[in-house]
Amino acid sequence: MKLLVTDLEGVEHSIDAMPNWTVMEIIRDGDLPMRAECGGSCACATCHVYVAKEWIDKLPAMEGEERDTLDGGFEVEPNSRLSCQLIMTSDLDGLKVTLTQDSAG
Amino acid sequence: MTTDAISTDVIIIGAGPVGLFAVFELGLNDMKCHLVDILDKVGGQCAELYPEKPIYDIPGLPVVTGQGLTDALMKQIEPFNPVFHLNQMAESLTKTADGKWRLTTDAGTIIEATIVVIAAGGGSFVPKKPPIKGIEEYEAKSVFYAVRRMETFRDRKILIAGGGDSALDWTLNLQPLATKLTLVHRRDEFRAAPDSVNKMRELVAAGKIDLHIGQIVHLHGEGGQIEAVTLKPDAGEPYTIECDTLMPFYGLTMKLGPVANFGINLHQNLIPVDTEKFESDVPTIFAIGDINSYPGKLKLILSGFHEAALMAQQAFRYVHPDRKLRFQYTTSSSDLQNKLGVTAE
Numbered sequence: 012m013k014l015l016v017t018d019l020e021g022v023e024h025s026i027d028a029m030p031n032w033t034v035m036e037i038i039r040d041g042d043l044p045m046r047a048e049c050g051g052s053c054a055c056a057t058c059h060v061y062v063a064k065e066w067i068d069k070l071p072a073m074e075g076e077e078r079d080t081l082d083g084g085f086e087v088e089p090n091s092r093l094s095c096q097l098i099m100t101s102d103l104d105g106l107k108v109t110l111t112q113d114s115a116g
Numbered sequence: 011m012t013t014d015a016i017s018t019d020v021i022i023i024g025a026g027p028v029g030l031f032a033v034f035e036l037g038l039n040d041m042k043c044h045l046v047d048i049l050d051k052v053g054g055q056c057a058e059l060y061p062e063k064p065i066y067d068i069p070g071l072p073v074v075t076g077q078g079l080t081d082a083l084m085k086q087i088e089p090f091n092p093v094f095h096l097n098q099m100a101e102s103l104t105k106t107a108d109g110k111w112r113l114t115t116d117a118g119t120i121i122e123a124t125i126v127v128i129a130a131g132g133g134s135f136v137p138k139k140p141p142i143k144g145i146e147e148y149e150a151k152s153v154f155y156a157v158r159r160m161e162t163f164r165d166r167k168i169l170i171a172g173g174g175d176s177a178l179d180w181t182l183n184l185q186p187l188a189t190k191l192t193l194v195h196r197r198d199e200f201r202a203a204p205d206s207v208n209k210m211r212e213l214v215a216a217g218k219i220d221l222h223i224g225q226i227v228h229l230h231g232e233g234g235q236i237e238a239v240t241l242k243p244d245a246g247e248p249y250t251i252e253c254d255t256l257m258p259f260y261g262l263t264m265k266l267g268p269v270a271n272f273g274i275n276l277h278q279n280l281i282p283v284d285t286e287k288f289e290s291d292v293p294t295i296f297a298i299g300d301i302n303s304y305p306g307k308l309k310l311i312l313s314g315f316h317e318a319a320l321m322a323q324q325a326f327r328y329v330h331p332d333r334k335l336r337f338q339y340t341t342s343s344s345d346l347q348n349k350l351g352v353t354a355e
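This is the structure in structure tokens:
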């Protein structure tokens, strides 16, 4: 299972994705920049990523807490998500995300 | 501001859970502590990032919130009367003529001690800065991330950005002083205290505050003086809003800060330590909790507690070189029980 991550320079990396890991953890395990200051407790917005448009609807909808915490992020777009709240499953094999200034700046 | 140096045994940089528990372990071994923290409260990440969130992996506490753990630690260390210097950043560390450490904070506090314990976690909490092009040239001139004196902002055209408690609190506090106050948030929902949100809505309804929904994408001005911002709403065309003061309140982020200049060996912004004493490469400077690194390190609060206990053994040897270190249990030692102010049954 793979996760495709585009870094701040626009380079796409294909990294191994483990089922039931969060996208944040997978990016970190793949040795890509990932600040995730609060360690994945949906408290800081420093794991903010953009999800490729074609994948948005395949993800579980954002909950109130994630929406609130995203207020601490910058350049928030309709496809913005906190990667600590996205859990990898086989349905998401090939998921494409792009790092942001918040997560990788 | 004081120029008189405070004298103590141990300076702890960081009043998070690990810094707080270090007071206990050092106290049992007869060492007095002063703690410095950049936040205006104790508890570090527990209090700042997740005060309400449950923690499930503290030994003996099946569930405790970040604030609950902080409160319990404060109660536990009460017998040792630690002194806190909050809202201050540890700025420089030098050696005195008699070989002690002299720590100076950005508020001018000077503390001298035999031991320095760095328990600074992920570093200093500092305000998040919006990645808007050219914002640096306005900082401290017309863009501010904190309010030191409210009077500074009298008769200004203030634009506050953000949707949390800081943004709302300053909106309510500065509105009476400002010529004009505009609040900007990316959505029409606020995660701040409901009471503050209600008050803000009332002021908007009364025409005393302008509320705009969107994100700031551009700053206009020259020579460090902001004149307007461009706001991009979710739908529709970007537009500009006039202001002479911009105050972004997007929460805090962690930066290592001046600790990097203390002359201690760092590796990837962490302080390598040995696992016997948790001492840095500079004798009498220790590092415990999330800020240290060693083979097998786990960034857990419980690891920090263990590190604090071992650190205190070596600190004792430096602070009380003439005394023999005695290992005792709080369950049975009347000496320790006296220090804790408890009497055994």
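Chains as they are written, first to last, in my numbering: chain A, 12 to 116; chain B, 11 to 355.
For glycine and all other residues, C-beta sits at the position ideal for the given N, C-alpha and C.
Remember, it's a predicted structure, so these values are computed and weren't measured experimentally.
Segment contact: the stretch 280 to 292 of chain B against the stretch 195 to 211 of chain B, fewer than three CB-CB distances shorter than 8 Å; contact not assigned. For Met210 of chain B, there are no neighbours in chain A by C-beta distance under 7 Å, as the nearest C-beta there is about 15 Å away. One finds nothing in chain A with a Cβ atom closer than 8 Å to the Cβ of Met257 of chain B; even the nearest lies about 15 Å away. Less than 8 Å separates the beta-carbon of Ile295 of chain B from that of Ile274 of chain B. No Cβ of chain A is located within less than 8 Å of the beta carbon of Gln278 of chain B. In terms of Cβ geometry, Val93 of chain B and Val20 of chain B do not form a close pair [threshold 8 Å]. The beta carbons of Ile298 of chain B and Met321 of chain B sit about 6 Å from each other, so the pair counts as a contact at 8 Å.
For His316 of chain B, no beta strand (DSSP E) segment is defined; the enclosing uninterrupted segment is the alpha helix (DSSP H) at Ile311 to Val329. Around Tyr61 of chain A, the same chain offers Glu88, Asn90, Ser91, Val108, Thr109 and Thr111 as residues with beta carbons nearer than 7 Å, after the five sequence neighbours per side are excluded. Relative to the Cα of Glu161 of chain B, the nearest Cα in the group B:Lys218, B:Lys143, B:Tyr148 and B:Ala188 belongs to B:Ala188. The distance from the Cβ of Ile219 of chain B to that of Thr263 of chain B is about 27 Å, inconsistent with a contact at the 8 Å cut-off.
Look at Asn208 of chain B here: in three-state DSSP terms it is helix. Comparing C-alpha distances from Pro282 of chain B to each of B:Pro305, B:Phe272 and B:Leu266 shows the shortest one belongs to B:Pro305. Taking Lys167 of chain B as reference, the option from B:Leu229, B:Lys190, B:Ile22 and B:Lys309 with the minimal CA-CA separation is B:Lys190. For Arg201 of chain B, there is no enclosing beta strand (DSSP E), as DSSP marks it with neither H nor E. Annotation: the continuous alpha helix (DSSP H) that includes Glu35 of chain B extends over Pro27 to Leu38. Residues of the stretch 85 to 106 of chain A with a C-beta atom less than 9 Å from some C-beta of chain B are Phe85, Glu86, Val87 and Pro89, listed in chain order. For Thr285 of chain B, same chain residues with a beta-carbon under 6 Å away, outside a window of 5 residues either side, are Tyr304 in chain order.
Nearest to Thr57 of chain A by alpha-carbon distance, out of A:Asp42, A:Glu74 and A:Met35, is A:Met35. The beta-bridge partner set that DSSP reports for Cys43 of chain B consists of B:Val20. Counting other Cβ atoms within 10 Å of its Cβ, Ile37 of chain A reaches 16 or more and is therefore classed as buried.
Annotated three-state conformation of Val136 of chain B is strand, per DSSP. Burial check for Ser114 of chain A: the Cβ neighbour count within 10 Å reaches 16 or more, so the residue is buried.
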